[in-house]
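Asker: Just so you know, the sequence shown maps onto residues 101 to 354 in the numbering used here. Heads up, the beta-carbon is just placed ideally off N, CA and C, and yes, glycines get one too.
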Amino acid sequence: MNRDFCGAGASPGKLSSEHQGAEHASSDDVPQPTRVVHHEDGVAWLGRQALPADHALVTSLPDGSEVPHLGFDAWRAWFVDAAALACAAVDDHAVSIFFQTDVKRDGRWVDKGFLVQKGAERAGVELLWHKVVCRAEAGTTTFGRPAYAHLLCFSRGLKLAPAQASADVLPRLGAMTWARAMGLAACDAVCRFLMAHTACRTVVDPFCGLGTMLAAANAHGLSAVGVELSRKRAARARRLELPGLAGQRSTLTR
Ligand SMILES: C[S@@+](CC[C@H](N)C(=O)[O-])C[C@H]1O[C@@H](n2cnc3c(N)ncnc32)[C@H](O)[C@@H]1O
101 MNRDFCGAGA SPGKLSSEHQ GAEHASSDDV PQPTRVVHHE DGVAWLGRQA LPADHALVTS
161 LPDGSEVPHL GFDAWRAWFV DAAALACAAV DDHAVSIFFQ TDVKRDGRWV DKGFLVQKGA
221 ERAGVELLWH KVVCRAEAGT TTFGRPAYAH LLCFSRGLKL APAQASADVL PRLGAMTWAR
281 AMGLAACDAV CRFLMAHTAC RTVVDPFCGL GTMLAAANAH GLSAVGVELS RKRAARARRL
341 ELPGLAGQRS TLTR
């Protein structure tokens, strides 16, 4: 964990860690973004949701190594089901966005972009864009996890005009708050897309980990809702702060 990104000490008390439903303190009359983190199973939570039109879903579904009790085949099926459920929970004119890094297993490549697309197809949503996020410089040979991650955006009803395009290849992942985090450059690109091209002003991450996407959303003035199975991570997700993200990208991303 890079302590630079932890809210503890950055602005103590700004977000309450005492209870779910913590909110940023308001200043003057400017509406402040809120953050709520639920400690529960993200799949069960998603199954009860029909998210409002101004809520976007942005998440990284857990890798098989995070749910070892399932075994590989059951994890693959679970992953596709969870992607379908996540896409189905989103309003027709909102978006669902997935940040996923492939893995290699037994000499074979496990393409999580493909698995997300299987779930998306089942849910009846269409691909709006597919970005490649470089985890290492182009041309680098990596022997473990690949040198890039997928960033995929789907919607049932929204379409984008050619003039609404943005970079397909993000040259950097950006700093990471922990080993399984979504890189801050990717979080930043997602927030900028949501604000410029959608009516979504709340980000929902049903597998929120330490809350990187939630904190990035708040830094951009967007509200956030997270769900996390681990009680400790949920508690940390309520506290994480990324105060410089929206205004000082160059000092935070690398
Ligand atoms: C890839 S990590 C998410 C990282 C997060 N995007 C971040 O940047 O901090 C996936 C998270 O899903 C959590 N998880 C695993 N199974 C879950 C479930 N059924 N419901 C909710 N969270 C779950 C794991 O504890 C882990 O923190």
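Determine the direct distance from the alpha carbon of G171 to that of D288, and round the result to whole angstroms.
Answerer: Within the sequence shown, numbered from 1, the residue matching residue 288 stands at position 188. Within the sequence shown, numbered from 1, the residue matching residue 171 stands at position 71. Approximately 34 Å, taken between the alpha carbons.
Asker: With hydrogens ignored, establish whether the beta-carbon of R333 is closer than 8 Å to any heavy atom of ligand 1.
Answerer: The sequence position of residue 333 within the sequence shown is 233, counting from 1. Under cutoff, so the answer is yes.
Asker: Below 9 Å between beta carbons: does that hold for L227 and C253?
Answerer: Translated into the one-based positions of the sequence shown, residue 227 becomes position 127. Translated into the one-based positions of the sequence shown, residue 253 becomes position 153. Yes, these two residues count as a Cβ contact at 9 Å.
Asker: May I ask which residues mark the beginning and end of the beta strand (DSSP E) holding K212?
Answerer: To locate residue 212, count along the sequence shown from 1; it is residue 112. Counting along the chain, K212 falls outside any beta strand (DSSP E), though it belongs to the alpha helix (DSSP H) covering K212 to A223.
Asker: How should A285 be labelled, buried or exposed, when 16 other C-beta atoms within 10 angstroms of its C-beta is the threshold for buried?
Answerer: Along the sequence shown, one-based indexing puts residue 285 at 185. That one is buried.
Asker: According to the neighbour-count rule (16 or more other Cβ atoms, all chains shown, within 10 Å of its Cβ), is S126 buried or exposed?
Answerer: The count along the sequence shown starts at 1 and reaches residue 126 at position 26. Low local confidence applies: a pLDDT of 48 at S126 is under 50, so the model's placement there is unreliable, with the coordinate-based value given in what follows. Exposed.
Asker: Would you decide whether W209 is buried or exposed? Buried here means 16 or more other CB atoms lie within 10 Å of its CB.
Answerer: On the sequence shown, position 109 is the one that residue 209 refers to. So W209 counts as exposed.
Asker: At a threshold of 8 Å, does S196 count as lining ligand 1 (C-beta to nearest heavy atom)?
Answerer: Your numbering for residue 196 matches position 96 in the sequence shown. No, the beta carbon of S196 sits no closer than 8 Å to any heavy atom of ligand 1.
Asker: Return yes when at least one heavy atom of ligand 1 lies under 8 Å from the C-beta of W175, else no.
Answerer: By one-based count along the sequence shown, residue 175 stands at place 75. Not so, every heavy atom of ligand 1 lies at least 8 Å from the Cβ.
Asker: Rounded to whole angstroms, what is the Cα-Cα separation between L352 and A346?
Answerer: For the purposes of this step, residue 352 is taken as the residue at position 252 of the sequence shown. For the purposes of this step, residue 346 is taken as the residue at position 246 of the sequence shown. Its pLDDT being 36, under 50, L352 is placed unreliably by the model, and the measurement read from it follows with that caveat. So the alpha carbons of these two residues sit roughly 10 Å apart.
Asker: Just the C-alpha distance for A122 and E237, rounded to the nearest angstrom, thanks.
Answerer: Translated into the one-based positions of the sequence shown, residue 122 becomes position 22. Translated into the one-based positions of the sequence shown, residue 237 becomes position 137. Low confidence applies here, because A122 scores a pLDDT of 43, under 50, leaving its location unreliable; read the following figure in that light. C-alpha separation (whole angstroms): 39 Å.
Asker: Give a yes or no on contact between the region 193–208 and the region 232–246, applying the rule of three or more CB pairs nearer than 8 Å.
Answerer: Flag = yes, the region 193–208 and the region 232–246 touch.
Asker: Would you mind listing the beta strand (DSSP E) stretches within the region 273–352 that are 3+ residues and don't spill past its ends, in chain order?
Answerer: Here the runs fully enclosed are 302–305 and 323–328.
Asker: Indicate the three-state DSSP secondary structure (helix, strand or coil) for L270 in the structure shown.
Answerer: The count along the sequence shown starts at 1 and reaches residue 270 at position 170. Note: L270 maps to strand in three-state DSSP.
Asker: Could you spell out the range, first to last residue, of the beta strand (DSSP E) harbouring V203?
Answerer: Working through the sequence shown from its first residue, we reach residue 203 at position 103. Residues V203 to R205.
Asker: If I measure Cβ to Cβ from H297 and keep anything under 6 Å in the same chain, skipping five residues before and after, which residues do I get?
Answerer: The residue given as residue 297 occupies position 197 in the sequence shown. Hits under 6 Å: Q264.
Asker: Do you know offhand how far H124's Cα is from L322's?
Answerer: In the sequence shown, residue 124 corresponds to position 24, counting from 1. In the sequence shown, residue 322 corresponds to position 222, counting from 1. Per-residue confidence for H124 stands at a pLDDT of 45, beneath the threshold of 50, marking its modelled position as unreliable; the derived number appears in the next sentence. H124 and L322: Cα-Cα distance of roughly 11 Å.
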